[in-house]
Structure formats: C-alpha cells, structure tokens
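Peer 1: Residue numbers (the numbering used here): 3 to 1066. Backbone N, C-alpha and C define an ideal beta-carbon position, used for all residues, glycine too.
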C-alpha cells in the first residue's frame, strides 16, 4: 500500500450505506436525464439488502523471490458490481477486436506467431525479451484510464455501444473506477489510484491504457523486423538488435509514462506465460515452461467428479504438450513428466495411456508419434481449426443441477507408512489405513473443544486474576468483558450456537446492537468451514464403527497396540509376548522386587513428607524449599511401568519406561535434576555429545590431522545402563562429580543435603505393572529426571581411563548416554583386546562393540573412504518413513519445522553433494507419503537456504563451502522463560482455530494493553487430549509418556504451542 499509494484508509467508518445511496441516486439521475433506459436502470440499480462491501485479500506469488502478494478485491456483491459487469460486456469485445494483432491470450497463440516469424527472421544473434509491467492494475491513474476507453471508442469510430451514448459509457466507467471501497483487517479503504484487481472493468481499462502506451514501441519493433505481443502486463519481443541497443531502448520506453515501469529479461532463452522459448543456433526451440514453484496437482482421480472431466484434463495437457514442444525429445520428456504428475494424483496408468492415445485419434493420427513423423503430425495439430464456443441460447437452454455422488470404488493413492504387525492379526484395508495415521495424528474434534471451553476459560480467568492480585489491583470489569468476548469467539470457531446469555449486561457493556454485531461478524467468518466440518462429523461416525470393530478384535485376540521405540509408528504385539519378555527382562537385570498386590503409595507419601519435614527441622533445607518439595496426598499417583517395543532390533526386545509424573518423589527428582544436570554437562563437555551433529564437527576437526586409510571406527553399546548402575554407587558418583568440580554447596544447599535427597529418590522407586506392585532395587527408572544424570556421572568416572588411553594414541572418544564412539589408528586385533579389558573394569558395565571402516552412531553414518571422511544420514533397517501427517490439524508451523529440521540435518551430515541429493530426495518421498504437498516441501527446502543467507541453489561446485557455512553458523541458544512475566494460555485445538492466535492477542491488547498487567506476555498454546473417535476408543490399548502431562496407563496426551510465526 505504501509503495503504490493507491489506497486511502478511512478508519473504522463503514462507507457502504453512503455508497449504496450514491450509486442508486447516480443511476436515477441518469435515468431522469434519459442517459439510460428504464430497462437499463432496473438492471443496474441495487437492493440495499443484497449488497456487501468488497474485501481485500492477497494471493502469494510463490513463484517469485520473496513471495510478493497479488492484491485481489473481491466484490461480487459490491454496489457497483452490476455496472462493472455491464460495461465489461460492452467494452471487452471491442478491445479484443482493436488489439488482436498485438495481443495474445495463450502461449499457443504465441507459438503460431513465432513459427511464422522465425521462418524468415530468426538468426543466431536473435534475442528474445520478456517484459513485466510492474503493478499495472494499481498504477494506471483512474482519470487517464477512463480516458483510454474514450480513446478506444474514438479509434473504432463508434458513437454508441449497445444503445448507449459514448458519454454515458464514460460517465458510468468513471463512477465505477472512482467508487472502489473495501475492507481489510478491520479497516475500510478507498482505492484512489488504478482499478480493483477482481473487478471486471479493471482488465479492460488497463488493457486500453497499455494499448495506447505501446503504439510507439510496436512501430519501432515492426520497423526493425521484430515481433511484439502482449498478454495483459506481460510483453514478449523477438528482435535482431544488439543486446546493448535493446537495453538502451527499454530504458527509453521506461520514460514514456511515469505510471508504467518495465522490468525486462533478455537472452537467447526466455519464458513467457507457460511457454519456454529458445534460440538454438538460429533454430527456434519451444517447450512447456513450469515455474520453480510448480506443483503437480490435478483434480484427484478419486474425486467424485464425472469421468469426462478427468479425461478432459489429460486431453488438454497432452494437446498443450504437442503444440508447445518443437522437438520429439522435448515432447517425450514433457509427456512422461505429465504421466508422473497424474500418477501422483492417483490416475491409473492404463487410464492415462488410453487418453494419450485418444488425442491422436481425435486429430486423425493413426500412428504412434516417432522422431521421424513428429514434425508433420505436430504441424497437423497446430493447423487444426480451434472449435469456437457456440453462444448459449438461454431461452432454449435449461441448466439442471443435482448434487453428485458415486458408488464407484475409489483408487487407493500413496499408502502412509506401515504399521508393525508382529501379532500377525488380520486387518481390513480400512483398519490398516486408520492405524497407519500413526500416534501423532490428531483428528479434528470441535465438539470436544467446545465441551472444554468453559473449563479452559475459567482457568484463564483465574490466571489473569492472579496476575492482577500480584499487583494488588482488582481486575474489575475488563476481565469480565474479555472472557465474555473470548467465549463468543471460541463458540463460533467451534461451530457451536452462540447464546445471547453469554453477552448479557453483567458480562458485556454496550448496546444490544453491538452484541449482535459481534455475533454476526464472528459467525460470518465460520460459514465457509461449516460444510467441511459437517463432512468431518460424518466421517467421525464411520471411524466410530471402525474403532469398535478394532477394539473388539484386539480384545478378542489379546493384542496390545503400542508406539514403537524408534520409528514411532504403531506396533501390534501379543499380550503374552509382552508378559514373557517383561518377566525375562526383570529376571535378567534383577532390578525389581515384586511386592504383590499391596499398594505402597500411602506409606510412600507419608515417608516422603516425613523425610522432608525432618530435613526442614534439622535446617538442611529452607522453609521455601520444604514447601516446594512436599506433596499433597490427594494429588499423588504411583508410577506405572510400560514397555516400548524395540522393533528395530532382532527379537523385538522391550524398553522399560516408568512413568511417574505424579509420583511422590517427582518434585524432589525434578529439583535435583535442575541442579545437577547443568553441572554434569559442564564437567563432561569435552567427552560427550548431545547429537550426531556435534560428532560431525568433532570428526571434521580430528580427521584433518589424524585420518588415515587404516583408521578404524568403533561404536560401543552399554547394555541396560539405567538398570545396571547400583543405586548406592550411582549416588556416590554424584558426590564424586561435586568433589571433582570443587563445590561445597549448590543454590544454597549443602552437598550432603543433595546426596541425602538423591539417595532417597533412588531408593524409593515404586511402580505398578499388570496388576502387581514393584520396588526397583537396582538402578534408576527410565523416565525419572535424575536417572540420566546418575547414569552419566557413573559412566564418566568409569570411562576416564579409557579416554586417557584413546587420547594418548591420538584417537577420538565421545559418548551419548549409553552409546560410545571411538575413532582410532590401532590394529583391529589390538582394539578388540582393549575392549575386552574395558569390559572387566566394572562388573556392572557390559560393553557390546561394532568395529569397522564404516559404522553408525545415533542417526549418523560414518565411513573411512581411502583415508577420506565420509558422513551421511543413517536410518535403522526397521525405519518407517513416518512424520506428523500433513492432514493432521496441528498448526502449520510444526509441519514447517519438521522439514526445516530434517533438511538442516541432511546438509550438516552429508559430506558430499551426491549424498545430500540422495538424502534430500528420499526425504521428499517420505514427506509425500505423509501427504505433504510438493510445493510446500519445495518452499521449505528453499527456506533453509535463505535462513542461512545462501542465495544460490546448492551445486556440486559450491556445496562444500555452503555446507561449511551452515555447520559454522552459531546455534541459537534458548532464552530462559521469565515465568513472572509470561502467562501460558491453553485451549483445545480444532481446525477452525487457525486464525485464533491473532484474534486472541487483539482482544488481549484491547482489554489489558494499558492495564497494570500490560507487561505480562500471554503465550498461547493448545492442548489436544487426542480423545478423537479413533484414539479415544482405542485408548485402553495405547500408552506412552509425554513430558507435558501425567500419562496414565492407556491414555495419550499431545501438547504443543501454537506460534504465530514460523521460527525453526
């Protein structure tokens, strides 16, 4: 708006009533003055109850750098729309007639013109030029634009059109052009320059203005034997001028009219509309052009549109291919690219081939196209007359419409990632498809969101009241008004009926009219999604029947549905297998003591609080710490054990997870972990890594000096680390760490206090499993916060002698929890011998090694290729290409972040350009399998380069430099949250809530922007309990831990923040 200066903001005063009045009055004045007939007056005048003010929206030009926006003013019920259409129907055919020799309406028309011109004029030095007229529709002055219509009518020597005098047409055109009002983002605007893109008359006005502007240019080009054509704001020129002369002329043309700004592209090859044009050593070459942002999307074959529409799509695309492609090879390439695009849209290959053949028969071509006959048959197609559209006689034609449906079986498209069915239970196709949506998928469920609305609003109200009370101020009436208006907004987004009782005088101040306006405004924003949601509701009923069948089937077959350990897809296993493996695991580790059926929770709660009270009375902890750590018996729940199947390992062993987010000792655990984990990270920074990327950087530096042809890589797995570390020795390793760092106290706590609390936590791990209660007497529970730090500390002191040995030999040693990586220039036998020695350092630590020139560590593949380091991404053999499905209702930024993270990992890990290409395209296929649009994928692929200020596509020549730039880029550290100034607000998410964040913050600023809590920043998050029809019914079969909630057996929670901006 600032660039074009075409729009004047009118504020919040609606211009519609005045515009309706002025429009009808203007038409009445014309009627009374007999400028228009009674019939024309009745056709053009408007009913105030049937009109709406136009509104502005933008279409992103994703094919252009920076994704500029194309403004569209939608005014299908605008007061001047009848006049606009009436004038356009009169004037557009006149312009088409006037400019037929210098304009084209398609790439095919330009192909025919180029064929004719090139036979005589094309040379090796011939240049092609395309010119874009910047912001044509908004840059044409309104007065001069209307005058160009007058010029056209004078040029055609017309005195009247359609029974209207020229002066009447100009008067009506001027009124339309100067009466473009619209709304945008809560404000009203008047377009004071140019015409509205979306208004019928605007195209003709812009075309006429350009016609008279370009006459001098056309004359100049024609006199030089060149070719000039224009399609709206795109110009094509073919000319035999030196390139400097052409640039000089375009610069002159740029000064013909201050409103017309030209942007040129000159060369031997250019793209115009959907046509690629090239001068190949004096020979004209043309083919189909697709923009870099092109998406191979066609009407999906399994849509219930009539079959002839799908046939017409293929016919039209193949016809374009033959017309545009000047060589047989170009035709073959484009045709096969079209085939791939159609297959992606679920078109059967047989159907595609039939339509490919049909177009030849349509043009009486009874042979397959070959390199020998292609030119002749193509020319036959080009020269074939285009069938003109027969005007519809509406008096003799009746259009009859019925809602279309189909009983035909739809063709299956790409299958989602597989489930792991080790139970070998037979599933129907429907059951299989639903399970393949995976654990991350969230169904849209506005009803659940609506049901929780009041509870969530009450929670928010309490938080706001608390913030006010901290300021020693009463929240007063603004809080009531804020909650009431927010309630209306949420009801609308949930598609729930809005009761006026929510807007009574006790809650909302203002007139009844303003209340009704709020309801009407918000309801209107939801209308477009209601049909979609009705379809969703119907779909949920189908899910309900399907899930009941699955639930019954699993119960009957004694099947457990679980999330797999690494691939995160659903795993189906037999209940007896889980019990058997659980028993074997407990017997093997000897870490668990069965307590039978006597619940240890009451005694544990009492002992925990007594222990904390004793520490307080002895002044080992402060009163504030005591209050923070003690527990409410009514809020405590005993931990429970569940297993994640390690489907990537032979025999599918189980990973034990003890979920105890409301366990009596959880507060102490988190408190200790917050104190101790940063200290360990500091102590072990040189010998531990947190990701494969950290190891890549270490390997890069180490390999420059130490890498040889005989260099060996070794990965070592520490078996059952968490459960094999003795509890007493594990706690003592914490004491060793604190002594190592020479600390006497941490955050005001003595070292002895920390050790006492740690010992209490480690020795009081109780949990339930399969109807029994257990006490963990060895190691720590996987799932408890301090267990990782205890295990890490224990390993740190165990590995010191090994690290010293490796470093003295010029090797590299790094560890990630229970996975060790070593790069060393030892003979392989010597390395085996050393590992055997290390296996006897501690009876609790058992090492399992893998040695070779190529190893896999975490998600990184590392290889010694003749003394050169090679790295790439590693995926386990059982890997399933499962990502958050694109059709899940998670916010879009989460899906963007997935691609960003994966591509960033690809660049960081892949040491060669070919490895990068392979991994990137593999990622693309996996994302497509999870329903991600190809255009969306490409945008994110490009975004990561822009994020690192890389303005070129990666190539084999620049890859190494740009990859190093990415690797060397500093990692943004997380900013600590100031909980005193941050308020977390959660609402259950559904698909209609995409616009909710902006509306929420608008309301917040409206009511609290200048209040005593204006420094509080609301962080809007959403929480979905996943109680959708499918997962809710299967919930008794599903269980896994989530860090946001207390995950009880057979329950899923998914929590995520909803951000307004994409920030990977």
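Grouping DSSP H, G and I as helix and E and B as strand, with all else coil, what is residue 751?
Peer 2: Residue 751: strand per DSSP, three-state reduction.
Peer 1: Could you work out which residue in 623, 687, 771, 832 is closest to residue 588 when comparing CA atoms only?
Peer 2: Here the closest residue by C-alpha is 771.
Peer 1: Is residue 139 near residue 199, with beta carbons less than 8 angstroms apart?
Peer 2: Contact: yes.
Peer 1: Residue 662 and residue 641 - do their beta-carbons sit closer together than 8 angstroms?
Peer 2: Yes. Within cutoff.
Peer 1: Applying the criterion that 16 or more other CB atoms from any shown protein chain within 10 Å of the CB defines a buried residue, is residue 42 buried or exposed?
Peer 2: It counts as buried.
Peer 1: Does the structure place the stretch 251-268 close enough to the stretch 151-161 that three or more beta carbon pairs sit under 8 angstroms?
Peer 2: Touching, no, given that fewer than three Cβ pairs across the two stretches are closer than 8 angstroms.
Peer 1: To the nearest angstrom, report how far apart residue 135 and residue 233 are at their CA atoms.
Peer 2: Going by the C-alpha atoms only, they are around 11 angstroms apart.
Peer 1: Assign residue 797 to one of two classes, buried (16 or more other C-beta atoms within 10 Å of its C-beta) or exposed (fewer than that).
Peer 2: Buried is the call here.
Peer 1: Taking all protein chains shown into account, do 16 or more other C-beta atoms lie within 10 angstroms of the C-beta of residue 710, making it buried, or fewer, making it exposed?
Peer 2: Result: exposed.
Peer 1: May I ask you to report which of helix, strand or coil DSSP gives residue 47?
Peer 2: Here residue 47 sits in coil by DSSP.
Peer 1: By DSSP's criteria, residue 279 is part of a beta bridge. Which residues make up the other side?
Peer 2: The partner list for residue 279 (beta bridge, DSSP) reads 272, 288.
Peer 1: My output table needs one value for residue 9: the three-state DSSP class, helix, strand or coil.
Peer 2: The answer is strand: DSSP assigns residue 9 an E or B state.
Peer 1: Out of 993, 1004, 1009, 987, which one is the CA nearest neighbour of residue 465?
Peer 2: Of the candidates 993, 1004, 1009, 987, the one whose C-alpha sits nearest the C-alpha of residue 465 is 987.
Peer 1: Taking only runs of the beta strand (DSSP E) that begin and end inside the stretch 27-114, which ones reach a length of at least 3 residues, in chain order?
Peer 2: Complete beta strand (DSSP E) runs here, min 3: 56-62, 71-76.
Peer 1: Under a three-way DSSP split, which group does residue 132 fall into?
Peer 2: In this structure, residue 132 counts as strand in the three-state DSSP scheme.
Peer 1: Could you check what DSSP says for residue 1022 in three-state terms: helix, strand or coil?
Peer 2: Three-state DSSP puts residue 1022 in a strand.
Peer 1: To the nearest angstrom, how far is it from the Cα of residue 486 to the Cα of residue 1009?
Peer 2: When rounded, the distance between both Cα atoms is 12 angstroms.
Peer 1: Use the C-beta contact count for residue 791: other C-beta atoms within 10 angstroms, 16 or more gives buried, fewer gives exposed.
Peer 2: Under this definition residue 791 is a buried residue.
Peer 1: Less than 8 angstroms between the CB atoms is what I'm expecting for residue 762 and residue 613, so what's the real figure, rounded?
Peer 2: Their Cβ separation, rounded to whole angstroms, is 6 angstroms, which keeps residue 762 and residue 613 in contact under 8 angstroms.
Peer 1: Starting from residue 645 and walking both ways along the beta strand (DSSP E), at which residues does that stretch end?
Peer 2: First-last of the beta strand (DSSP E) with residue 645: 641-647.
Peer 1: Whose CA, out of 1001, 788, 939, lies closest to the CA of residue 294?
Peer 2: That would be 939, whose Cα lies nearest to the Cα of residue 294.
Peer 1: State the DSSP-derived secondary structure class of residue 319, mapped to helix, strand or coil.
Peer 2: DSSP places residue 319 in helix when its eight states are reduced to three.
Peer 1: Run through DSSP, which three-state label would residue 195 get?
Peer 2: The answer is coil: DSSP assigns residue 195 none of H, G, I, E or B.
Peer 1: On the three-state DSSP scale, how would you describe residue 894?
Peer 2: Three-state DSSP puts residue 894 in a helix.
Peer 1: Give a yes or no on contact between the stretch 801-811 and the stretch 668-680, applying the rule of three or more CB pairs nearer than 8 angstroms.
Peer 2: Not touching, per the Cβ criterion.
Peer 1: On a Cα-Cα basis, can you pick out the residue from 876, 874, 859, 855 that is closest to residue 867?
Peer 2: Nearest of 876, 874, 859, 855 to residue 867, Cα basis: 855.
Peer 1: Report the three-state DSSP secondary structure of residue 815 (helix, strand or coil).
Peer 2: Three-state DSSP puts residue 815 in a strand.
Peer 1: I'd like to know if the stretch 687-707 and the stretch 737-752 are in contact, where contact means that at least 3 CB-CB pairs between them fall below 8 angstroms.
Peer 2: In short, these stretches do not touch, since the Cβ pair count stays below three.
Peer 1: For residue 266, write down the residues that DSSP places opposite it in a beta bridge.
Peer 2: Answer by DSSP bridge pairing, in chain order: 133.
Peer 1: Less than 8 angstroms between the C-beta atoms of residue 1068 and residue 58, yes or no?
Peer 2: No answer is possible for residue 1068: it lies beyond the span of the chain, which begins at 3 and ends at 1066.
Peer 1: Report all residues from its chain with a CB closer than 6 angstroms to the CB of residue 475; omit the five preceding and five following residues, and keep chain order.
Peer 2: Correct list, in chain order: 1014.
Peer 1: Pull up the DSSP beta-bridge partners for residue 229, would you.
Peer 2: Paired residue(s): 240.
Peer 1: Quick one: what does DSSP say residue 875 is sitting in, helix, strand or coil?
Peer 2: Three-state result, residue 875: strand.
Peer 1: Here's a check: name, in chain order, each residue in its chain whose Cβ is nearer than 6 angstroms to the Cβ of residue 507, leaving out the five neighbours to either side.
Peer 2: Interpretation of residue 507 is limited by its pLDDT of 38, a score under 50 that renders its predicted location unreliable; no figure is taken from the coordinates.
Peer 1: Report all residues from its chain with a CB closer than 8 angstroms to the CB of residue 755; omit the five preceding and five following residues, and keep chain order.
Peer 2: These residues qualify, in order along the chain: 617, 622, 623.
Peer 1: Would you tell me roughly how many angstroms separate the C-alpha atoms of residue 322 and residue 62, rounded to the nearest one?
Peer 2: Distance between the alpha carbons of residue 322 and residue 62: 26 angstroms.
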